[in-house]
Structures are given as structure tokens and as C-alpha cells.
Amino acid sequence: MVRMSAEERRESVIRAAMSEFSRGGYYGTSTEAIAKRVGVSQPYLFRLFPGKKAIFLAAAERCMEETMRTFADASKGLEGEEALHSMANAYTRVIAENPEQLLMQMQMYVAVAAAEQTGDRELGEVVRAGWMRLWDTVHLPLGADVDETTTFMAYGMLVNCLVVMGFPPEHRVWEGLYPSARIKGRLEH
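Under this note's numbering, think of the first position of the sequence shown as 566, with each following residue one higher.
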């Protein structure tokens, strides 16, 4: 059996953490569950990351990176409305095919709010910085128009909430979204 390098183990921890945190959230997920999913001991986990918060932040940053990559790849060479529809289609496809990515995003926002209630601003600083990189990723393809970017991001957050709440694709609540932002036909129920 080939041994994994520390970097490969670190990568497997981040993937496992995204899965675990997407379901249990920051406060409801134990490092023991993450270590078990990866197949390592907790002491080994803490050789790779200094603590649970560092694991969560790595998973949060990965989630944002993957979302940014989705938008960047979808909008490459496109502008304006073409970019908008391409990014919306790509994003709805990603969250339909990989619901853990959507759930991780939602858990990130909840973790920030909860942490800041206790005076911990580190989670918020990292997540807000990631969100601003996400904003910038869609801003230029949308013509660097603040209103267009705001509308696109608002639609995205609405889609996130509707999907997480379990509104079926045929529900009337989807009718007000532009066609490429609709989940119709993309989710299995």
C-alpha cells in the first residue's frame, strides 16, 4: 500500500471536513468524525491542522474557491447577459450535482453569525474575504455593474435558500427567477 504524503492527507482532510461540516455545521461536527472519515487518528489530524477552526477555515476557503472556479470557468470569454446565464446555469448544475457544496456555504454563514455572537471575528473575516473574492469573480463578466452583480448574487442566495428549504423544482416560487437561475429539472426528489 502506497503511503500518502502529508499534503495528500491534508487534502483528504479538507474534503472530509467539507462533507462533515456541510451536514453538522461547525459546532455540531467533531474532529473525531473528520478523522474517522479520513481514516487517521485525531492526533495525526492535529499535526496537519492546529485545531478545529483551522480545519473549518480550510474547508470554507475550498468551498469558496470551487464556487469561484465554477463562475470563472462558466464566464470565460463571455460578458454581460451571456456571462450571467452561463454562470447561473453552471452554479445551479453544481449545487444540484454536489449538494454538499451548497450546504457547506450555508453552514459557513451560520458559523460566522454564531462565532461573532461570542466575540470571535476570525471566521467572519475569512468568510467575508472569500465572499468578496466571489463577488469580484462575477463582477467583471457582468460588466463591472454593481446593480447587475448585486442582482446576480441576490438571486444566487435566493436559489441557495430555496434549495436548502427543499422547494421542489416545479413549485411556483421558482417562477420569478430568470430561466437560467431556475433549478427546474436539475434536482432529484
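Glycine included, every Cβ here is placed at the ideal spot set by N, Cα and C.
None of the values given here were measured: they were computed from a predicted structure.
task = Taking 8 Å as the cut-off, decide whether the C-beta atoms of Glu-644 and Gly-708 are in contact.
result = Translated into positions along the sequence shown, residue 644 becomes position 79. Translated into positions along the sequence shown, residue 708 becomes position 143. Yes, these two residues count as a Cβ contact at 8 Å.
key: Other residues of its chain near Thr-594: CB distance less than 7 Å, five sequence neighbours each side excluded   = Numbered from 1 along the sequence shown, position 29 holds the residue referred to as residue 594. Glu-585 and Phe-586, listed in sequence order.
As assigned by DSSP and simplified to three states, the class of Ser-595 = The residue you call residue 595 lines up with position 30 of the sequence shown. Ser-595 falls in the coil class under three-state DSSP.
task = For Gly-721, count neighbouring C-beta atoms within 10 Å of its own C-beta (all shown protein chains included) and say buried if the count is 16 or more, exposed if not.
result = The sequence position of residue 721 within the sequence shown is 156, counting from 1. That one is buried.
inquiry  = Quick check: does the Cβ of Ala-719 come within less than 7 Å of any heavy atom belonging to the ligand FMN?
reply    = The ligand FMN is absent from the structure shown, which contains no ligand whatsoever.
query = Rounded to a whole number of angstroms, what is the C-alpha to C-alpha distance between Ser-651 and Ser-640?
reply = As a first step, residue 651 must be located in the sequence shown, where it is residue number 86. As a first step, residue 640 must be located in the sequence shown, where it is residue number 75. The straight-line gap from Cα to Cα measures roughly 6 Å.
ask   = Helix, strand or coil for Thr-635 per DSSP?
value = The sequence position of residue 635 within the sequence shown is 70, counting from 1. Three-state result, Thr-635: helix.
message = Quick check on the DSSP output: the alpha helix (DSSP H) that includes Arg-658 runs from which residue to which?
response = As a first step, residue 658 must be located in the sequence shown, where it is residue number 93. Element bounds for Arg-658: 645-662.
ask   = Ordered along the chain, which non-local residues of its own chain (more than five positions away) have a Cβ less than 8 Å from that of Leu-610?
value = Counting from one through the sequence shown, the residue named residue 610 turns up at place 45. So the list reads Val-578, Thr-596, Ile-599, Ala-600, Val-603 and Ile-620, once near-sequence residues are dropped.
task = With DSSP collapsed to three states, give me the class of Thr-683.
result = Residue mapping note: residue 683 aligns to position 118 of the sequence shown, counting from 1. In this structure, DSSP gives Thr-683 a state outside helix and strand, which the three-state scheme calls coil.
inquiry  = Out of Leu-688, Met-633, Ala-637 and Gly-684, which one is the CA nearest neighbour of Gln-666?
reply    = As a first step, residue 666 is located in the sequence shown; it is residue number 101 there, counting from the start. Minimum Cα distance to Gln-666 is reached at Met-633.
key: Thr-716 to Ala-653 span [Cα, whole Å]   = Looking up residue 716 in the sequence shown gives position 151. Looking up residue 653 in the sequence shown gives position 88. Near 12 Å, if we compare the C-alpha coordinates of Ala-653 and Thr-716.
ask   = What first and last residue would you give for the alpha helix (DSSP H) that runs through Met-569?
value = Within the sequence shown, residue 569 is the residue found at index 4, counting from 1. Premise fails: Met-569 is in no alpha helix (DSSP H) and is neither H nor E.
The alpha helix (DSSP H) enclosing Pro-734, as first and last residue numbers = As a working note, residue 734 is residue 169 in the sequence shown. Following the DSSP letters along the chain, one finds Pro-734 in no alpha helix (DSSP H), marked with neither H nor E.
Separation of Val-711 from Thr-635, as counted between CA atoms = Residue mapping note: residue 635 aligns to position 70 of the sequence shown, counting from 1. Residue mapping note: residue 711 aligns to position 146 of the sequence shown, counting from 1. Each residue's alpha carbon lies about 20 Å from the other.
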